[in-house]
Each structure stands twice: as C-alpha cells, then as structure tokens.
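Working notes, beginning with the structure itself.
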Amino acid sequence: MNSTENISFRTDTSHQMSDLDAIKVSLHSLSVIALGWKNLNLDGTSTNDSCAEYSTFLQPDPATTLGEQFLKIAQIRGSYPAVITPEQSFSYQWILEAAQTVRSHLENDPNFQPGSPVAMMVNNSPEYLGIYYGILLAQGVAVPLPPDVEIDRLAFVVDACDITTLMTTPDIARRRHTDIGKKVKQINRLSSSPLPPQFPDSGEDLATILFTSGSTGAPKGVMLSHKNLMSNSLSIIDYLELDSTERALAVLPFCHTFGNSVLQSHVLTGNTLVLGANIAFPGSILQMMEQYECTSFSAVPEVFHFLLTRTSLGENQSPNLRYMSVAGGALSKKDTVTLSERIHPAKLFVMYGQTEATARISYLPPDLLTERLGSVGTGLKGHELQVVNHQGEPVRPGERGEIRTRGPNITKGYWKDPETTAQIIRQGWLYTGDLATIDADGFVYPVGRSNALLKIGGHRFHPNELETFIQKRFTSTRAVVVGYECSHLGTRLALYAKSEDPDHVISSDAIAAVCRQQLPTHKIPTYIEILDEFPLNSSMKLDRPALSQRASQRNILVAH
Amino acid sequence: MEIIDTIEHELTGFIAKRAQVDYPLKPDTDLLEEGILDSLMMMDLVAHLESQHHVSLGDRDLSPRHFRTVSCLAALVAQKQDSLNH
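See below:
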C-alpha cells in the first residue's frame, strides 16, 4: 500500500488493515472533481439588490422541478445576491454559470447519465449552490455528505449508490487527500454557452438522497423527490411568510435536512443567504446579523442556548430581524421563553421535523408560544399529523404515543432498503419513532424517542454506529456506547470497552486516538473507559442506563 | 511563566482528546485554520475552562483573538485567574 495509510492508522490495528485498505482503494478510484470560486473566474461577483423589479415576490410553481425553478429564478434575479460572504457577494447569475459548468462536466462524463447519484462534500459556500443545482440541471441526483464525514460512511454511501463522481472544493480535496486520493480534477468556466437543460418529466423523480442514521445504526439513504422538496419548501415559505427581501444568516450545514430546507426555501424564492458566520464564536453571529441586515437566523437548541448564555442577544437588535427558528431537538421551555422575549418583536418559530419528511412536519405559530409552551403545533397545512398507539389508533388527549404524519413531504423510502422502508412507511403514513402526547385541540407535545437514536448538537446518531466502528478497528474488543446528559451542553457520548480475550489488552488512549483521527466531533466520545465487565440489570441484560449514569458522574466537562 | 505552562499543557491534552486531530497538537497550532474549533468543541471547551480552571468567560472573551491557539487561550486563563486572586 502507499505511504498515506501510515498517517491515519498508527494504532495497533495492523491485523485489521485489510478492510480499511480496501475502502481506500475503492475511494481512490472515484473521479474527484473540485470547483473553487477563485479558479472559476466567473462574472457575477458584483451584485445589485436595489432594483425595483426585485421587490416582486416570486411564488414558486409547485408543478415544476427544483432545477427548473432554480433556472427560472436565476434568470429573473440575475444580478441579485444569492450568497453574501464576508469576502464577496455572488449573484444568481454567478450561481447559474457555476451550475452550468458542473452540468456540462457531468454531461460529458461517460459514466454519468440522467438519474445517476453524484456525491458532494462541500461546506456552505457559493460552490455548494453551484454544484447542487448543477447536478440537478444535468438531471442527476445530489448526494450531499458532510466534508468531515468518516471514511466508513463515505465508502458505504459510494458503494450503496454506485457513485463514480465526487464533487468538492479544492480546500476539502486537499484536507481529505489520504481518503479520496490525490487525483483531483479542477473544472474551469465554460468556453461556450450551454444548450437549454432538459428536466425530468415528473416531480416523482429523485432530486436528492440524504444519508442519516437509521434506527438500527446503519446509515440510511433518505430518497427525496423533486415533489418532496418543492412541497416542503412551499409549506415553509408559506408559514414563515417569506417575501422578496429575505436575508438568512445560514449556519446550519446545507448537507443536513434542516440546513437544506433553509437553502431551498430561500433560493427557490430568489432570496439571499449570508454565509461565513462561525458558530464557535457566538458574538460573531450577532455581529454578522447586524452587519448584513439579516432577516432571520435558524439553528439547533444547543446553539441558541450558547447564544442566550454567552451573548447580549436582543440588545441593539437590528430592526431587519424578522424571525428566528429552532428545530433539530427540543429547546428547553426556559430557553424558549427567554429567547422569544429577548428577540421580540422578532418572532420565534419552534419547529419539528425529520429527514424522512424532507425537513418539516410541524411548527408552532409564534403567537401561541406561551399558551402552548412545549408543543410543536398541529402540523402543516394540507398534511395529516397524529399521535397513535401500538395498534395505530389515535391516542386520547394526554396519552403517550408515536407521531405519524402523511403528506407530499414523506420520503419515497430508504435507498435500496425496501424492508426498513416498509417498517417506517405504512399505508402512506410516516412513523417517526418520536413519542408525544396530543391535546384536545390537536397540539402535539414531543416527549422522547421510541428507539435508541440520540441527538448530539442537532446530529442524529445511533450508538451502534460507534460500537461497530470500534469493533471493526480493534479485534477481540466489545464496545458499548451510551449517551449521557451534560448540564447545559446537551447529550454527549460515553464509550466503554472490554477485551474479550484475556491475553489482549486494550487501552483507552488507543481508542481515543482512532476516534479523534477518524470521526467528526459530534461522534467522538467525551468519556472513554475500559471495563473488566459490563454492568447487567436485574434481567441480566446490559445495563445501559447505569453506564450512562457512570459517565455523568465522572464527566470531565462539568464540575462536581 | 510556570502557571501558563501548566495551563497550556492541560488544555493541549483536553483539546487533543476531544477534537479530531491526527497529529500532535502544539501550543501554537492554529485551531481555527485547522478546523479543530467547531461549535461543539467550543461549547465543551468553554464548559471545561469554567469548571476546571475556575474562570468565567463573557461575550468578549469568546473571540478568535483568544481562542486561535492554545497559547493565546492559556494567557487569557492565566490573566483571569490572576485578576481573581488580586
């Protein structure tokens, strides 16, 4: 093998190298295409947002596909800013030209045909928009992955979707070269104008596959059609009352369902996304909101908690701010009340959803926030939302059950997994796996999950993913992963390991090293301990709650 | 000087344990440029500084100026501790 393997796998895993080597060999055969705005040298970095014609709101046509709607908007909004970053603005014309460049490249690739999934590893950037809509203009299916995705998941997705092309930016290609290889092709601007693109005949065709953690631990590819994405975006545009002057400070990753919904609802209406805020520094969020006169900010509960405790959020607030929205977990009642008071007169939308429902399932109208505190509302207009018992019958007010929903936003299913699809979608209903109560007026109050999925910093995570990851890399080792609550921070991970072979010693340092080398931050356990035996409960089963409690008591992040 | 060294050493250990780094972390490693300091890391780091180093951090402290490297951060912590003691 070449020398790059030494960098990533320094620990005592030599006997396990073959699997991981095979992964790298298969990834190195991908065609890696990089698009960087500096190299593209396209026109359209000077923008104009003061033109009278831009004051008309452009209601997207629900019958069109995503690519068609994007093209229409880009042509009408030409010099209007699609993306603003601290470095530069990028007009809709720029995004369209970048997308046409991507489209032209794909159409000339003999391995590509309409319907082919194309992977993308791109941070929130103008390039993300160019690549995403470029794939759609070529009638491909965009498969966005986080740029720090672990190699196991990347290889899983590439294999599951028969992906031959990975699109990225030059900086990510450089950072991930040991995983994806060094053969990277940079694409440049087109020399001639392209022919008008063709579009899929039906909104039922796939536009995107979003991979997420499934209820069994293996990644699941949620298939989203043009109709799914159009209808959910239209619902969101409607209840957030988006007009033609929106400027969202977009910090949620576009490759996740919540971030994707912010992206689509703004681009399909020709609005502006402000990028480049670093949520590690909460003060910079406020500063950017003010500087760029942002009209909205959407984030997960942990980020709002951080803003509430660490900044003067609400003081000197720009009059442009119209609303903030929270989803991806439950914001505590206290934080909900404080946040809505501090940002007043801007509104707070508490929302609920999941990838399998494209993004949004429900939202609480801001004027009902105090009256219905803890609720996520009654569902989207024209969609059904129920809480049901094990027999699938609606529960009585106050009783606990599972949330199910039906509407045009429900996924077509998991990619190449009809079996699991049949478990979550029954008679057109999506069974969310979320537990809730419902009141007499139909307001839904989530209370937890019916499966082992955890939420860490807004990311969905199944403990089994990390257990498998460790067991794949350390032989004769059993790993158990549990979530534990850190006060104010939310859920974090604890990993316990045990050697199954008395002659084989494992060390927590070696495990920690592999985790931090190969996993994104939210999947790295904050507590690792080697045990001789795992605790068992009274029915002689693994006592996960005891392990969770143990981690809380020894937590390194908070004082005791 | 010694106090700063101890803080630097402890913080380097904490960050290296918590973050996604595949090389030895140095006091002058640029945590921002290397993509080490994402939002989760930042939240955990702030919680750690407050619980283990007994400093309280406000809006102005949480800036790239203080968090760019472990050295900058150790200097901030030492200065905060010093002003607490006097």
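In the order they appear, the protein sequences are chains P and A.
My numbering numbers the first residue of the first sequence as 1 and each following residue consecutively.
My numbering numbers the first residue of the second sequence as 1001 and each following residue consecutively.
Here a beta-carbon is modelled for each residue, glycine too, at the ideal position from N, C-alpha and C.
Under DSSP, the beta-bridge partners assigned to residue 349(P) are 325(P).
Boundaries of the alpha helix (DSSP H) harbouring residue 159(P): 151–160, taken from the DSSP string. Neighbours of residue 282(P) in chain A, taken as residues whose beta carbon is under 7 Å from its own, are 1062 in chain order. Within the same chain, and ignoring the five residues on either side of residue 529(P) in sequence, the residues whose Cβ sits closer than 7 Å to its Cβ are 496 and 508. Going by C-alpha positions, residue 230(P) is about 16 Å away from residue 354(P).
Taking 9 Å as the cut-off between beta carbons, none of the residues of the segment 21–53 of chain P comes near chain A. The beta carbons of residue 282(P) and residue 307(P) sit closer together than 8 Å. Membership of residue 1009(A) in the alpha helix (DSSP H) is indicated by the continuous run 1002–1018. Annotation note: the segment 158–194 of chain P contains the following uninterrupted beta strand (DSSP E) runs of length 3 or greater, listed N- to C-terminal: 165–168 and 184–186. Going by beta carbons, residue 1053(A) and residue 1077(A) fall inside the 8 Å limit. Assigned with DSSP and collapsed to three states, residue 444(P) falls in strand.
Checking the DSSP bridge columns, you'll see residue 456(P) partnered with 459(P). In the three-state reduction of the DSSP assignment, residue 64(P) falls in the coil class, being assigned neither a helical nor a strand state.
With a threshold of 8 Å between beta carbons, residue 256(P) makes no contact with chain A.
Cβ contact annotation for residue 420(P) (same chain, cutoff 7 Å, sequence separation greater than five): 214, 220 and 414, in chain order. In the three-state scheme derived from DSSP, where H, G and I count as helix and E and B as strand, residue 209(P) is classed as strand. Rounded to the nearest angstrom, the gap between the Cα atoms of residue 512(P) and residue 159(P) is 28 Å.
Cβ contact annotation for residue 375(P) (same chain, cutoff 7 Å, sequence separation greater than five): 364, 443, 444 and 445, in chain order. Nearest CB-CB separation between residue 1039(A) and chain P: below the 8 Å threshold. Residue-level contact check: residue 312(P) touches chain A, since one or more beta carbons of chain A fall below 8 Å from its beta carbon.
By the criterion of at least three beta-carbon pairs nearer than 8 Å, the segment 266–285 of chain P is in contact with the segment 245–258 of chain P. For the options 311(P), 226(P), 233(P) and 199(P), the alpha carbon positioned closest to that of residue 1059(A) is the one of 311(P).
For the pair residue 123(P) and residue 341(P), the Cα-to-Cα distance works out to about 33 Å. The shortest CA-to-CA distance from residue 438(P) to any of 114(P), 401(P) and 427(P) is the one to 401(P). For residue 79(P), no alpha helix (DSSP H) run applies, since DSSP gives it neither H nor E. Close partners of residue 303(P) in chain A (Cβ separation under 7 Å): 1039. Cβ proximity to chain A below 7 Å picks out 522, 524 and 526 from the segment 522–553 of chain P. When the Cα atoms are used, residue 489(P) and residue 1043(A) turn out to be separated by approximately 7 Å.
With respect to chain P, the C-beta atom of residue 1044(A) has a partner C-beta closer than 8 Å. If you look at residue 288(P), you'll find it in the alpha helix (DSSP H) that goes 282–291.
With 16 or more neighbouring CB atoms inside 10 Å of its own CB, residue 457(P) falls in the buried class. Excluding residues up to 5 positions away in sequence, 232, 235, 236, 261, 327, 351, 352, 353, 380 and 409 lie with their Cβ nearer than 8 Å to the Cβ of residue 360(P) in the same chain. Residue-level contact by beta carbon fails for residue 1030(A) and chain P, as no gap is shorter than 8 Å.
By the CB criterion at 8 Å, residue 526(P) and residue 493(P) fall inside the cutoff.
Contact annotation for residue 489(P) against chain A: 1043, 1044 and 1047 [CB-CB distance below 8 Å, chain order].
In summary, residue 89(P) is buried, with 16 or more beta-carbon neighbours lying within 10 Å of its beta-carbon over all protein chains present.
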